[in-house]
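Worksheet: the structure to be examined is printed underneath.
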Amino acid sequence: MNIYRQELRMLTPSAIYWSLGMLVCLLLFMLIYPPVAADVQGLEAVLANFPLEMRKALGLSSLNLARVLEFYAFVFLYILLIGAVFAMKSSLAVLSEEARSKTTDFLLSKPVSRFVIVTAKWGAVLTALLLQSILLILFSYMIVRIYGSFSSSLFLLITLSLIQMQLFFSALGLFLAALVRRMRSVLPLALGIVFGFFLVQIINQSVGERALGYITPFAYFDPATIVQHGAYNPTLVIINLSVSAVLVIAGYMAYHKKDFAAQ
Amino acid sequence: MNIVIRELKANLKPLLIWCGSMVFLIYGGMIKYSGIAGAGQEARKLFDQFPGAFKQVLGLGELDITTAAGFYALFYIYFLVLAGVHAVMLGTVIISKEERDKTADFIFVKPVPRHQIVTAKLAAVLTNLLVLNLTTLLASVVFVNMYNQGASISSKIALLMVFLFIIQLLFAALGALVAAASKTSKRAASISTLILFSTFLLSAAIDLYPKIDFLKFFTPFKYFSAAEIITRGSYQPWMLVLSLLLIGIFVYLTYRMVERRDLVV
Amino acid sequence: MDVIKTVKLTKCYGTARGIIDVSLSVQEGEIFGFIGPNGAGKSTTIRLLLGLIYPTSGEAAIFGEDCIKRGPQIRQNIGYLPSEVFYYDNMRVIDLLKYSASFYHNVDQQRIYRLAEIMDLDLHRKIDDLSYGNKKKVGIVQGLLHQPRLIILDEPTSGLDPLMQQNFFNLIREENRQGATVLFSSHILGEVQKLCSRVAIIKEGRIISIEDIHALHNKNYKRFKIDFHDQVDAGYFNIEGVADLSTAPGSAAFLFKGRLNQMIDKIHGLNLINLTVEEPSLEEIFMHYYERES
């Protein structure tokens, strides 16, 4: 429908920039892969002697950075970071747009229900995220392939964690935007929240998976863990989907009930 | 003065949330430490076997992370990141908000010169940064002492906080400059975000591959090595000079650009 | 003395024109009107006077001092009512007014309450909750509370109900009586007609003319509306001095400036049903000005 198309059009430039950003980040890191791999190669033996807890504490987890896919997994954590901020800020922006640009009276007086409005907007965000993932899978594959061969299925598994992570953050963004009365600036909020979760995961990486592991989505889709086990943790995938669903539903309800003040 | 008080009030709630997050981060971190402190002697032996190059790769240098001091230093980079996000956004938003919210027609029509308004805003930023810094200091000292079995490192922590403050100032000044130079507040926020991400990722890359260490001039996160500070209490004076110089330049340019702007509502 | 004086004030936004060679002077104690269609450059001129934007060339002075160089000092004595009013979050009206007052020397706090009462403004409500019109009222009180010598109004009455508009005009007249000079920018000519002594007309960035309101009235066209039984050509009334002619079988309406006897002669022979001769509104005069000059 028209709202969907309009929203998607408004999202496109930003989506392109951020996708490019992610790819550039990947590219630059891959550029230093060969020398790093060479360094790590020699130390692999020594690393093996180290207790796992210690290695985790050092922020190394169990990745053998000499191997292409595991290096990719290491870098992918940062890709996830960028993608998460993008997902959250897009959701926040799209639902608070009218309030911020004073076009509330325009859109909300149209003969469409609020349900339709939210669906159209969030649908546009999801579309952008999906397209972003597709772009990323294609180009990342090409980039990483230059440096070696690896299991495509594992690669896909790692890379597909992006869209799942983004699902959570965009759901969170939707919820917050629907709840908050006036949102002046979207990026500070998105950055703060995502980096907050990210840093919790950094701590979490060492404490052990228990308590902290559930509060941060970065733990659900930790690339290193995925590589280790060669699969997602199905429980976590389901929790992620459920929490996202709950947030989205709550968001819909909040937006439905919202009083839009005069501009 | 009146503008400063206004800005402080407006930023109060976010500041409290940031401080709370910082405290939580430090607390969690020290709990993590308690996990490996127990590894104690054995770990130390193994660790000593490490070839120096490897320790370099880990960015540890001479750090002994089984001690509270060593661990804290390792951990320090993460406060830096959080504080950096806070600072750069604070600087950006405070300068661009008048045009963003269209209150420019109110405040800039008042009988005060523009530079006075900028000064008031920067004063508010300074206060916010200071509060966050002192909170971090307090939380660090308290939580580190809870788990520290060795000598007190509170003075070293204090030193680290000084450098944290400098990095905060740097990012805040940069954010303010970006806002002063950008046409719209949206663009300013985007550029500041880009800068933040770039500096953060660059520091991660340097950690990974120290041979590109020469690039560290482009990322404030690498201006001061926590390892160096906490083990020897020393730092590279050139980086300090560079930081202060950059802060000065950014602030000066911010004033200049706000002065010359056409204010659009 | 010249409270406001601009000399060839020009502002270009890249290739887009803002204003070009605007020269005007406003005398102390005047209520000076500034009219023109949307986008003509009224707001640009005002923003230049207030130092919110910088001129490309030309000079602007208020109270004899340069608007840019002595901006902060000059603005002690200026009250500005913008056309669109935006304020900070989570402020009550009284908080905002007190904040505004804190920038000026010697503000009489009682004046705030007096003004609020005249404008029927609830001081304890949150600004966020106010309607557009009520926000405008906040703007009015905010602009006047420090008893400025120069009051600059930009579309001040949009959003106000007729009663409030009257209160507002009375307020302005009272301030003027007490010595304030007023620059009144609007595209609602009726208001300008009521308040102003002189008026500058701006169109497409340039000043077309600066006139005395009364002189404008005297240069008058008269509006004729005639209904009659006769059959006449469409061109019957189209003599020199006639403008805006519209005819239909049995009726004609037009503006006429010229020897009235000439027109009366033409009407005299007709079998009249109805004849109306009236002063055209300022609107009609200015529309004419706009069209003639373009």
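Protein chains in written order, with my numbering: chain U, 1 to 263; chain D, 264 to 528; chain X, 529 to 822. Even glycine gets a Cβ: it sits at the ideal position worked out from N, Cα and C.
- Against chain D, the beta carbon of L578(X) has neighbours under 9 angstroms at D368, F371 and V372, listed in chain order.
- Under DSSP, no beta-bridge partner is assigned to E702(X).
- Under a 10 Å Cβ-count criterion, M293(D) is classified as buried, with 16 or more other Cβ atoms of the shown protein chains found around its own Cβ.
- The three-state reading of DSSP puts K449(D) in helix, counting H, G and I together.
- For N802(X), the enclosing beta strand (DSSP E) has its first and last residue at L800 to E806.
- Counting other Cβ atoms within 10 Å of its Cβ, V24(U) stays below 16 and is therefore classed as exposed.
- Judged by DSSP in its simplified three-state form, Y608(X) adopts strand.
- The region 215-232 of chain U makes contact with the region 165-176 of chain U, as at least three CB pairs between them are under 8 angstroms.
- Per DSSP, the unbroken alpha helix (DSSP H) holding L11(U) starts and ends at N2 to L31.
- DSSP places R184(U) in the coil class of the three-state scheme, outside both helix and strand.
- Contact residues of the region 765-781 of chain X toward chain D are absent (C-beta to C-beta distance below 9 angstroms).
- The Cβ of V521(D) sits no closer than 8 angstroms to any Cβ of chain X.
- Listed along the chain, the chain U residues whose CB falls inside 7 angstroms of the CB of F406(D) amount to none; the nearest CB is some 12 angstroms away.
- For V535(X), same chain residues with a beta-carbon under 7 angstroms away, outside a window of 5 residues either side, are S551, G586 and E587 in chain order.
- In the DSSP assignment, the residues bridged to L552(X) are T534(X).
- Collapsing the DSSP output to three states places I596(X) in coil.
- Residue range S417 to A444 is occupied by the alpha helix (DSSP H) that includes L432(D).
- Taking every protein chain shown into account, the CB of A336(D) has 16 or more other CB atoms within 10 angstroms, so this residue is buried.
- Secondary structure note for V356(D): its alpha helix (DSSP H) is the uninterrupted segment A331 to R363.
- In the structure shown, F218(U) adopts helical secondary structure according to DSSP, grouped into three states.
- Of all residues in the region 430-454 of chain D, none has a C-beta nearer than 8 angstroms to a C-beta of chain X.
- Under the 10 Å beta carbon count, I792(X) is surrounded by fewer than 16 other beta carbons and is classified as exposed.
- In this structure I420(D) is in contact with V407(D), their Cβ atoms being roughly 7 angstroms apart against a cut-off of 8 angstroms.
- Of all residues in the region 75-94 of chain U, the ones placed with a Cβ closer than 7 angstroms to any Cβ belonging to chain D are Y78 and I82, in chain order.
- Straight-line spacing of the CA atoms in A708(X) and E558(X) works out to 8 angstroms.
- Looking from the CA of L107(U), the closest CA among V125(U), A87(U) and I3(U) belongs to I3(U).
- Its chain contains T159 as the residues whose beta carbon lies nearer than 6 angstroms to that of I137(U), once the 5 sequence neighbours on both sides are disregarded; these appear in chain order.
- Taking a contact to require three or more Cβ pairs closer than 8 angstroms, the region 337-357 of chain D and the region 596-614 of chain X do not qualify as touching.
- Selection S628(X), I795(X) and S714(X) evaluated against Q670(X) yields S628(X) as nearest (Cα-Cα).
- In the DSSP assignment, V727(X) falls within the beta strand (DSSP E) that extends over R726 to K731.
- Bridge partners of S152(U) according to DSSP: none are assigned.
- When rounded, the separation of the alpha-carbon atoms in T216(U) and I79(U) is 16 angstroms.
- Among the residues of chain D, those whose CB is under 7 angstroms from the CB of R603(X) are V372, K373 and P374, following chain order.
- The shortest C-alpha to C-alpha distance from P808(X) to any of G661(X), F784(X), N802(X) and Q790(X) is the one to F784(X).
- By the neighbour-count criterion, in which 16 or more other beta carbons inside 10 Å mark a residue as buried, E719(X) falls on the buried side.
- Contact annotation for G196(U) against chain D: S284 [CB-CB distance below 7 angstroms, chain order].
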